[in-house]
Amino acid sequence: MKKIVLILSLLCLPFLAGGCGSDDRAELTVYNWGDYMDPEVIAQFEEEYNCRVNYETFTSNEDMYVKVKNSSDTYDVLVPSDYMIERLISEDMLRPITKDNIPNLANIDTSAQNLPFDPGNQYSVPYFYGVLGIVYNTAQVTDSVDSWNLLWNDKYASKILMYDSIRDSMGVSLKRLGFSMNETSEANINAARDALIAQKPLVMAYVTDNVKSLMASGDAAMAVVYSGDAAIIMSETDNLDFAVPKEGSNAFYDNFVIPKNAQNPELAEQFINFMLTPEIAARNIEYVGYSSPNTPALALLDASWSDNSGFNIDKEDLARSEIFKDLPSDVMDIYNRAWTEINVSK
């Protein structure tokens, strides 16, 4: 989740489970993005299934991967993004999903299934999705917001916020130049680097969590953000809108997976199936703000959600977007060097 998160560091949720003392209930350990699931639905699952959920959070796919790969801690449910799921599958770190145990998979739109990172959804179950774009102040931005070129327009000098993420900001520059967000050519990656260095004097800051306050205050005119974060910002601030540039962007898919060393895989599948229940999925949508492929859940939402361009992603925008791939380490070395050079540039 190239997402803006409220970081929680919870080894367990005492307010959900009645404390962390020992008891004879089954335990489920979930590792998820921060602020990416309504705590009340976790409490409901605990009650209905007579279990205790230990809930931990991470701030990036990479942090999650390192913890799962190297720690002695074990997890029953993870919620990684597309390219990380691809890596986990390739390294034989996931259990196949027993689909008979997840009948609510029938609620998931087919457009979010059978994607390249997990053909046939053998190892993953869709949860949320979104697309990278530009949230902008309609009172300050007088140009059409239809191209990444807008971020290089000196009319908006010191009013532009970029996303402090290597794949995302490099991806924006690559798409603007007509390249893939999964570019592997060193020359093309360096061209994207050079364009970001040239843009640097126009940029107020590279941001993550503080984008909300900067856009709400009017200090910034536009920001590169993911659609769900834009949806939340727009719901709380007037004069904001969201657009996906015509050159295309990144579409992400966050899915439930079960690690190969899960201690309670059957309960994990019950948890995933529970989260795909329309009423539960709708509550998570309202809490998180990202787009959901759960078709029956969408019908339960307030009408205002359909008017929010950050939540109601245009199908054509999604079709023009690419899913990140798990790039080889030598290619990522090129990206990392480019990112370092961008960060140290004036």
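Residues -17 to -1, 1 to 329 (mature numbering (1 follows the signal peptide of the UniProt record, and there is no 0)) are what the sequence shown spells out, left to right. Using N, Cα and C, we set each Cβ at its ideal position, and we do this for glycine too.
Where residue 226 is concerned, the enclosing beta strand (DSSP E) starts and stops at 223 to 226. Non-local beta-carbon contacts of residue 121 in its own chain, meaning distances under 8 angstroms to residues more than five positions away in sequence, involve 222, 223, 224 in chain order. When secondary structure is reduced to three states using DSSP, residue 212 falls in the helix class. For residue 179 against residue 325, the beta-carbon gap comes to about 5 angstroms, under 8 angstroms, which counts as contact. Each of 212, 19, 35 was checked against the Cα of residue 8, and the nearest Cα belongs to 35.
Counting along the chain, residue 10 sits inside the beta strand (DSSP E) bounded by residues 9 to 16.
Comparing alpha-carbon positions, the option among 241, 312, 299 lying closest to residue 82 turns out to be 241.
A straight line joining the alpha-carbon of residue 206 with that of residue 48 spans about 28 angstroms. Around the beta-carbon of residue 265, 16 or more other beta-carbon atoms lie within 10 Å, marking it buried. Assignment of beta-bridge partners to residue 39 by DSSP yields 14. Within the same chain, 214, 217, 218 come within 7 angstroms of residue 291 by CB-CB distance, once the 5 residues on both sides are set aside. Between the alpha carbons of residue 204 and residue 161 lies a gap of roughly 25 angstroms. Taken in chain order, the unbroken stretches of alpha helix (DSSP H) that lie wholly in the region 144 to 171 and span 4 residues or more are 149 to 159. Excluding residues up to 5 positions away in sequence, 9, 11, 32, 34, 59 lie with their Cβ nearer than 8 angstroms to the Cβ of residue 250 in the same chain. Nearest Cα to residue 114 within the set 42, 323, 151, 105: 151.
Taking one beta carbon from each stretch, the region 89 to 109 and the region 62 to 70 have 3 or more pairs nearer than 8 angstroms; the two touch.
Counting C-beta atoms within 10 angstroms of its own C-beta, residue 93 has fewer than 16 neighbours from the protein chains shown and is therefore classed as exposed.
Looking at the DSSP output, residue 237 bridges to 64, 111.
Under the DSSP definition of a beta bridge, residue 305 partners with 233. Between the region 138 to 155 and the region 188 to 197, the count of Cβ pairs shorter than 8 angstroms is three or higher; the stretches touch. DSSP places residue 187 in the uninterrupted beta strand (DSSP E) bounded by 186 to 190. For the pair of segments examined, the region 93 to 103 was found not to touch the region 253 to 263: the number of CB pairs separated by less than 8 angstroms stays below three. Per DSSP, residue 282 lies in no alpha helix (DSSP H) and is assigned neither H nor E.
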